[in-house]
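Q: If you read the sequence shown in numbering that gives the first Met the number 0, its first letter stands for residue 0, the second for the next number, and so on. Virtual Cβ for every residue (Gly too), placed ideally from N, Cα, C. Predicted model, so just to flag it, every value in this text is computed and none were measured. Here's a structure for you.
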Amino acid sequence: MELMDLDHVPDNPYLLLTPGPLSTSKRVRAALFRDWCTWDDDYNAIVQAVRASLVRLATGAVDASDCTAVLMQGSGTFSVEATLGSAVPPGGVLLVLANGAYGRRMAQIADRLRLGHLVQESAETSPPDLTRLRQTLATQPAITHVAVVHCETTTGMLNPVAEIGEIVKEFGKIFIVDAMSSFGGLPMTLDSIHADFLISSANKCIQGIPGFGFVLARRPALEACAGQARSLSLDLHDQWQEMERKAGKWRYTSPTHAVRAFAEALAELEDEGGVPARHARYAENQRLLVEGMASLGMEPLLPRALQSPVITAFHSPSHPAYDFRRFYDQLKARGYVIYPGTVSEADTFRIGTIGHVFPRDVRGLLAAVAASMYWQV
Ligand SMILES: *Cc1c(COP(=O)(O)O)cnc(C)c1O
């Protein structure tokens with residue numbers, strides 16, 4: 000497929016060091032420059048190829064008949080809401096493990112949809128307590144589903160999803176994983192984490208543009224969702240059936256440009272060397288970042304053992320003259336956009352190391368940070 004000449008794609012005015020939307024390549028942005036018909040074969044063939052690529056990524060297999068992919072309009076949260084609202088049956092009980100804003104958002108969705116649910120909350124700087132999980136599952140047999148966030152983007156913590164999944168499966172429950180900010184950037188399959196549903200979106204580690212999310216599901220678990228959704232537009236099973244029966248057609252308007260760009264992003268991921276190569280790049284970005292920030296006197300919130308290569312929360316400088324907004328503005332003027340903190344237990348700011356971002360960019364950022372420490376004269 001013809002792409003716009005990359006020399007004609009404008010440069011971005013600054014690099015996004017954020018957890019998504021993030022910096023994308025010119026190759027991905029060049030894919031946006033044409034229109035597609037939402038029910039035409041040319042376009043639906045792209046949708047089917049994207050779904051097949053996602054299944055390959057989530058299983059490591061070319062023919063994985065046990066696993067299927069559903070794409071859903073909206074930001075990542077819409078796909079989380081579609082999954083929870085479709086998977087938990089009337090009378091079912093969802094146990095949400097929460098240790099950050101995104102875990103709490105799942106609990107909020109369950110609350111809003113009036114799903115039967117329980118929340119096991121942990122501190123934002125602690126992983127979920129597995130002993131407590133086991134006790135809860137043993138004493139509350141009414142629980143049917145368990146949901147957890149893989150990389151809790153609030154802190155950058157990597158939750159132990161494989162260990163959690165093992166316990167969930169021991170008790171025979173359905174396991175739902177929000178792998179929004181990790182899928183495509185960290186090696187994982189549905190099998191390796193024991194997931195029945197894995198949720199992610201276009202604008203995170205696959206490095207596409209925003210516009211839709213996707214759910215990788217085991218077929219029997221998705222088949223069981225028929226007729227259960229609390230919402231028409233967020234009915235995961237109906238969306239899946241439409242895509243299956245009509246060879247890639249979406250219900251309602253499809254984010255055509257975002258899907259075409261995502262197909263390009265998947266090809267780019269493969270050219271990079273797949274998930275292992277991308278993971279190695281993110282890990283090197285993050286290693287350089289933490290090392291460089293430490294030499295400037297700024298320490299990460301989490302111990303290294305809990306830290307993902309996706310995003311890092313740093314303690315804000317304790318100097319009375321420090322103000323995030325002023326620091327942010329100075330970095331932005333130098334070409335780097337960072338992220339405010341959302342941790343409730345500490346004053347932090349965050350720097351993402353995912354997206355079309357390379358070690359040379361991290362070195363550039365570190366020089367910009369050194370030049371922007373206006374509180375240290
Ligand atoms: C980005 C993200 C989401 C989805 O956020 P949206 O703003 O709806 O795209 C959900 N969970 C996690 C862990 C995330 O990082």
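Please determine if the stretch 59-77 and the stretch 212-221 are in contact, where contact requires at least 3 C-beta pairs separated by less than 8 Å.
A: Yes, the stretch 59-77 is in contact with the stretch 212-221.
Q: Residues bridged to Phe-211 by DSSP?
A: Bridge partners of Phe-211: Gln-72.
Q: With distance defined between alpha-carbon atoms, name the residue in Val-258, Asn-202, Leu-136 nearest to Leu-93.
A: Closest option to Leu-93, Cα to Cα, is Leu-136.
Q: Leaving out five residues before and five after Ala-282 in sequence, what residues of the same chain have Cβ atoms less than 8 Å from its Cβ?
A: Around Ala-282: Pro-308.
Q: With C-beta atoms as the reference, is Thr-154 less than 7 Å away from Glu-123?
A: Cβ distance < 7 Å, so Thr-154 and Glu-123 count as in contact.
Q: Need the endpoints of the alpha helix (DSSP H) that Gly-58 sits in, please.
A: Looking at the sequence provided, one finds Thr at residue 58 rather than Gly. Unbroken alpha helix (DSSP H) run through Thr-58: 40-58.
Q: How big is the Cα-Cα spacing for Ser-200 and Val-376?
A: For Ser-200 and Val-376, the distance between alpha carbons rounds to 43 Å.
Q: Would you report the Cα separation of Pro-127 and Phe-182, rounded to the nearest angstrom?
A: Pro-127 and Phe-182: Cα-Cα distance of roughly 20 Å.
Q: Do the stretch 246-256 and the stretch 323-340 touch if we need at least three Cβ pairs shorter than 8 Å?
A: The answer is no - the stretch 323-340 does not touch the stretch 246-256, with fewer than three Cβ pairs under 8 Å.
Q: Taking all protein chains shown into account, do 16 or more other C-beta atoms lie within 10 angstroms of the C-beta of Phe-357, making it buried, or fewer, making it exposed?
A: By the neighbour-count rule (16 or more Cβ atoms within 10 Å), Phe-357 is not buried but exposed.
Q: Answer yes or no: the CB of Tyr-101 versus the heavy atoms of ligand 1, is any distance below 6 Å?
A: Yes, Cβ of Tyr-101 sits closer than 6 Å to a heavy atom of ligand 1.
Q: Does the distance from the CB of Arg-349 to the CB of Tyr-338 come in under 7 Å?
A: Yes, the pair counts as a contact, with Cβ atoms nearer than the cut-off.
Q: Quick check: Gly-389 and Leu-288, are their CB atoms within less than 7 Å of each other?
A: Shown here, the chain extends from 0 to 376; a query on residue 389 therefore has no answer.
Q: With a threshold of 6 Å (Cβ to nearest heavy atom), would Gly-75 be considered close to ligand 1?
A: Result yes, Cβ under 6 Å from ligand 1.
Q: Rounding to the nearest angstrom, what Cα-Cα distance links Leu-305 and Met-156 in this structure?
A: Cα to Cα, the separation comes out at about 5 Å.
Q: How about Val-147: is its Cβ closer than 6 Å to a heavy atom in ligand 1?
A: Val-147 Cβ: outside cutoff for every heavy atom of ligand 1.
Q: List the residues that DSSP assigns as beta-bridge partners of Gln-306.
A: Bridge partners of Gln-306: Met-156.
Q: Quick check: is any heavy atom of ligand 1 less than 6 Å from the C-beta of Met-179?
A: Checking the Cβ of Met-179 against ligand 1 gives yes.
Q: Measure how close the beta-carbons of Ile-192 and Val-145 come, nearest whole angstrom, since I'm counting them as under 8 Å.
A: Actually they do not touch by this definition, with Cβ atoms about 12 Å apart.
Q: Report the start-end ranges of each beta strand (DSSP E) in the stretch 143-199 that is 3 residues or longer and not cut off at the edges.
A: 144-148, 173-177, all fully within the stretch 143-199.
Q: Assuming Gln-119 is part of the alpha helix (DSSP H), what are its boundary residues?
A: First-last for Gln-119: 115-120, but that is the beta strand (DSSP E), not the alpha helix (DSSP H).
Q: The beta strand (DSSP E) with Phe-348 in it runs from where to where?
A: Segment 347-351, the beta strand (DSSP E) holding Phe-348.
Q: Tell me, please, whether the stretch 49-58 touches the stretch 357-374 by the rule of three or more beta-carbon pairs shorter than 8 Å.
A: No: fewer than three Cβ pairs fall under 8 Å.
Q: Given that a residue counts as buried once 16 or more other Cβ atoms are within 10 Å of its Cβ, and exposed if not, what is His-318?
A: With fewer than 16 other Cβ atoms within 10 Å, it is exposed.
Q: Can you pull the DSSP bridge partners for Tyr-335?
A: Paired residue(s): Leu-14.
Q: Please state the DSSP three-state secondary structure of Phe-323.
A: If DSSP states are grouped into helix, strand and coil, Phe-323 belongs with the helices.
Q: Within the present structure, is the beta-carbon of Thr-23 separated from the nearest heavy atom of ligand 1 by less than 6 Å?
A: Not so, every heavy atom of ligand 1 lies at least 6 Å from the Cβ.
Q: Looking only at its chain, what residues have a beta carbon closer than 8 Å to the beta carbon of Ala-106, apart from the 5 residues adjacent to it on each side?
A: Closer than 8 Å at the Cβ level, and outside the excluded window around Ala-106, lie Val-95, Ala-97, His-116, Val-118.
Q: Based on the DSSP output, what are the partners of Thr-67 in its beta bridges?
A: Paired residue(s): Ala-216.
Q: List the whole-angstrom C-beta distance separating Ser-180 from Pro-18, where the pair is believed to meet the contact cut-off of C-beta under 8 Å.
A: Rounded, the Cβ-Cβ distance is 5 Å, consistent with contact.
Q: Counting along the chain, where does the beta strand (DSSP E) carrying Leu-96 start and finish?
A: Per DSSP, Leu-96 belongs to the beta strand (DSSP E) from 92-97.
Q: Does the structure place the stretch 260-279 close enough to the stretch 234-242 that three or more beta carbon pairs sit under 8 Å?
A: Verdict: no, contact absent.
Q: Helix, strand or coil for Thr-311? Go by DSSP, reduced to three states.
A: If DSSP states are grouped into helix, strand and coil, Thr-311 belongs with the strands.
Q: In whole angstroms, what separates the C-alpha of Leu-231 from that of Ser-78?
A: Each residue's alpha carbon lies about 13 Å from the other.
Q: Specify the secondary structure class of Pro-299 as computed by DSSP and reduced to three states.
A: Of the three classes helix, strand and coil, the one that applies to Pro-299 here is strand, per DSSP.
Q: Does ligand 1 have a heavy atom nearer than 6 Å to the CB of Thr-138?
A: No, ligand 1 has no heavy atom inside 6 Å of this Cβ.
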